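These notes are about the structure you will find just below.
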Amino acid sequence: MTTLKKEYAVLVAALVFAFIPVAAGFLRSPEGYFFNGLISPLDGNTYASFYNQAKDGRLLFTNEYTPEKVPHAMFRPVYLLMGLSGGLLGLPYEAAYHAFRIIMIVLLFHAVTLLIKETTGRKERTIALVLVFFSSGVGYVLRMLELFGLKRIGTSDLWLPGGITFLSINGHPHLIASIAMMTYAAYWIVKALKNEGSKNSSHYLRNAAMVMLVLGFVHLFDDITLYAALAITVGASMIIKRTTIHQFIAKNKNLAWMLIPLIAFIYTAYLFIGIPEFSSWNAQNTLEAPKVYYFVFGYGLLWLFIAVGWAGRERIRHLVSDKATLFLASWVAATFILVYSPMNIQRRFIEGVHIPISILASYGLTRIRDAIALTSWKKTAGLAAGLLVLMTVPSNLLWLYHNTPDGTETEWEVPWRVPLYLKQTDIDAMKWFGSTKDAVVITDYGHGNYLPRYSHARPYVGHWAQTISFEERASKMEKFLNSKNTQEFTGMLEEIAAEAREASGGSSVYVLLEKNRIPEGHLITSKKYENKEIVIFTP
1 MTTLKKEYAV
11 LVAALVFAFI
21 PVAAGFLRSP
31 EGYFFNGLIS
41 PLDGNTYASF
51 YNQAKDGRLL
61 FTNEYTPEKV
71 PHAMFRPVYL
81 LMGLSGGLLG
91 LPYEAAYHAF
101 RIIMIVLLFH
111 AVTLLIKETT
121 GRKERTIALV
131 LVFFSSGVGY
141 VLRMLELFGL
151 KRIGTSDLWL
161 PGGITFLSIN
171 GHPHLIASIA
181 MMTYAAYWIV
191 KALKNEGSKN
201 SSHYLRNAAM
211 VMLVLGFVHL
221 FDDITLYAAL
231 AITVGASMII
241 KRTTIHQFIA
251 KNKNLAWMLI
261 PLIAFIYTAY
271 LFIGIPEFSS
281 WNAQNTLEAP
291 KVYYFVFGYG
301 LLWLFIAVGW
311 AGRERIRHLV
321 SDKATLFLAS
331 WVAATFILVY
341 SPMNIQRRFI
351 EGVHIPISIL
361 ASYGLTRIRD
371 AIALTSWKKT
381 AGLAAGLLVL
391 MTVPSNLLWL
401 YHNTPDGTET
411 EWEVPWRVPL
421 YLKQTDIDAM
431 KWFGSTKDAV
441 VITDYGHGNY
451 LPRYSHARPY
461 VGHWAQTISF
471 EERASKMEKF
481 LNSKNTQEFT
491 GMLEEIAAEA
501 REASGGSSVY
511 VLLEKNRIPE
521 GHLITSKKYE
531 NKEIVIFTP
């Protein structure tokens, strides 16, 4: 099989594995229920709200997951493009969502192949490509050891999509797009570093800067990682070559192109500092970093392969002198530093690091294969390398097993479960609000999370990060939904409704509940909509 055929085989396999959970979700739909089309609806529904806003002609988006009227100030290029094209073609959200996933996976594949060809030799390329898309850590080993009483260790390969490519391609379109853009930018940066001081360097840096500008409006933290990786690379190169700052600046004036992405930094600072509603959102959007050993186990054997690839003084000297390799190593180092930096989104910096780790690991795995080829076991060299690659795969298969819908995820648990399957009565009730933009809906977390996907009404509580004052409001909703009698139910409802009106500046307030959640004997006098399972009324 030619190298090109092998590469396309990897792409086809990646696409197949990226849609196994979705296909299973549809095929396993229980009677009377509809699969929502996404395996991660909690965040996926928020992106549906952006999609709907774009279809309505909005270029800037608002947060529809809180009673407050939030300004239209968010620029989200992936969902803007998705909404505009979906509106033009008349696509429902689910179809546009998965069409864009396919497009972004293909772009990610292209970006990865470019970066691999720029940073490896011919004999490493196929191995590097397979490792990028299918390798993971040793989470599966630790999960098996739980059977013998070992405490569960939440390795990053089993729960952080951005940290493992296989998990990322099973994620949302903008996540795949951000890693693709990150990889394209890394490719152009490597090209620039390898052509330092030449006219071509300016061209490569300009390309990197333009990609990073767009990336900054999707995932700004990825730009921070790239800047940090470039800084470490430049600093290490200056030390190795004993270059002064003056000499470096004189030779690398083209780096001025890298100021362009700062536009995204300025915009983001304005958004989350200058606008109170977004500042409140950002303040509660805290993501704890994985423990260091979770991070280490999350890449498992890949670290061993990297160590083999770098073993020996001459080998280290050769690899460090190569700017492409130095940048990959700097990318990994920058990620580790940023993941454990004092920021509220520190965990997000792990995004994309699996790519340089896999490429660096391919050096060592190829070295192992070549060493075996020089022995009497030379006929088994390829088989041995293949088996080592296979040992890095099972965590992804375990993740796939646990995250493939089995048809049981139907319950609207009180208070915080978002199910994968909906009844038509749920969808009809949420669609009743239609294009009404000045309505706040008091409902359980599940309906609240889906509501902006099917209408423009805003839930009182609908998303842990985007609902302002989430913990306080979630506590009130839990008491309300667990009311034991009509007096308690009415008292909590009046309190929540009054707060919703005040927070929204006088918006109309509705209640959407399953009938079996309403205490027996409670009289509804202001019914607006009803089907056999859901009732909507005004408090």
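Counting from 1, position 44 in the sequence shown corresponds to residue 44 in this note's numbering; the numbering is continuous, with no gaps.
All residues carry an ideal CB built from backbone N, CA and C; glycine is no exception.
Note that the structure is a prediction, hence the values are computed from the model and not measured.
About 22 Å separates the beta carbon of Arg-453 from that of Ser-178, a gap too long to meet the 8 Å contact definition.
Close CB contacts of Tyr-294 within its chain, under the 8 Å cut and outside five residues either way in sequence, are with Ile-153, Gly-154, Thr-155, Ser-156 (chain order). Less than 9 Å divides the Cβ of Gln-466 from the Cβ of Asn-63. Leaving aside the five residues that flank Met-181 on each side, the residues in its chain whose CB is nearer than 6 Å to its CB run, in chain order, Val-211, Leu-215. Beta-carbon to beta-carbon, Leu-158 and Leu-398 are separated by about 7 Å, close enough to satisfy the 8 Å threshold.
Sixteen is the threshold: when 16 or more other Cβ atoms of the shown chains lie within 10 Å of the Cβ of Glu-277, as they do, the residue is buried. Linking Arg-501 to His-174 through their CA atoms gives a straight-line distance of about 34 Å.
Scanning Gly-86, Leu-108, Tyr-140 for the CA closest to the CA of His-402 turns up Tyr-140. Burial check for Thr-325: the Cβ neighbour count within 10 Å reaches 16 or more, so the residue is buried.
Under DSSP, the beta-bridge partners assigned to Val-511 are Ile-442, Phe-537. Of the residues Thr-126, Leu-42, Ile-249, the one whose Cα lies closest to the Cα of Ser-362 is Thr-126.
In the three-state DSSP reduction, Leu-91 falls in the coil class, being neither helix nor strand. Arg-58 carries a coil assignment under DSSP once its states are collapsed to helix, strand and coil. Contact between Phe-134 and Val-393 is confirmed by a C-beta separation of about 6 Å, below the 8 Å threshold. Val-12 counts as exposed, since fewer than 16 other C-beta atoms from the protein chains shown sit within 10 angstroms of its C-beta. The three-state reading of DSSP puts Lys-117 in helix, counting H, G and I together.
Going by DSSP, Tyr-293 is part of no beta strand (DSSP E) but of the alpha helix (DSSP H) stretching over 292-297. In the structure shown, Arg-458 falls within a strand segment according to DSSP collapsed to helix, strand and coil. Distance from the CA atom of Ala-497 to the CA atom of Val-509, rounded to whole angstroms, is 7 Å. For Glu-530, the enclosing beta strand (DSSP E) has its first and last residue at 527-530. Around the CB of Trp-377, fewer than 16 other CB atoms lie within 10 Å, so the residue is classed as exposed. Collapsing the DSSP output to three states places Met-391 in coil. Here Arg-369 is buried: its Cβ has 16 or more other Cβ atoms, across all protein chains shown, within 10 Å. In the DSSP assignment, Tyr-227 falls within the unbroken alpha helix (DSSP H) covering 220-241. Look at Leu-523 here: in three-state DSSP terms it is coil, with no helix or strand label. Annotated three-state conformation of Leu-158 is helix, per DSSP. Counted as a single uninterrupted DSSP element, the alpha helix (DSSP H) harbouring Gln-487 occupies residues 486-504. Taken atom to atom, the span from the alpha-carbon of Ile-442 to that of Leu-512 is near 6 Å. In this model, Val-418 and Leu-302 are separated by some 35 Å (Cα to Cα). Annotation: the continuous alpha helix (DSSP H) that includes Lys-5 extends over 3-27. Thr-268 has its alpha-carbon roughly 8 Å from the corresponding atom of Phe-217. Judged by DSSP in its simplified three-state form, Phe-34 adopts strand.
Judged by DSSP in its simplified three-state form, Tyr-340 adopts coil rather than helix or strand.
Sequence-distant Cβ neighbours of Arg-517 in its own chain, meaning closer than 7 Å and more than five residues away, are Leu-481. Leu-107 carries a helical assignment under DSSP once its states are collapsed to helix, strand and coil.
In the DSSP assignment, Tyr-421 is bridged to Phe-35.
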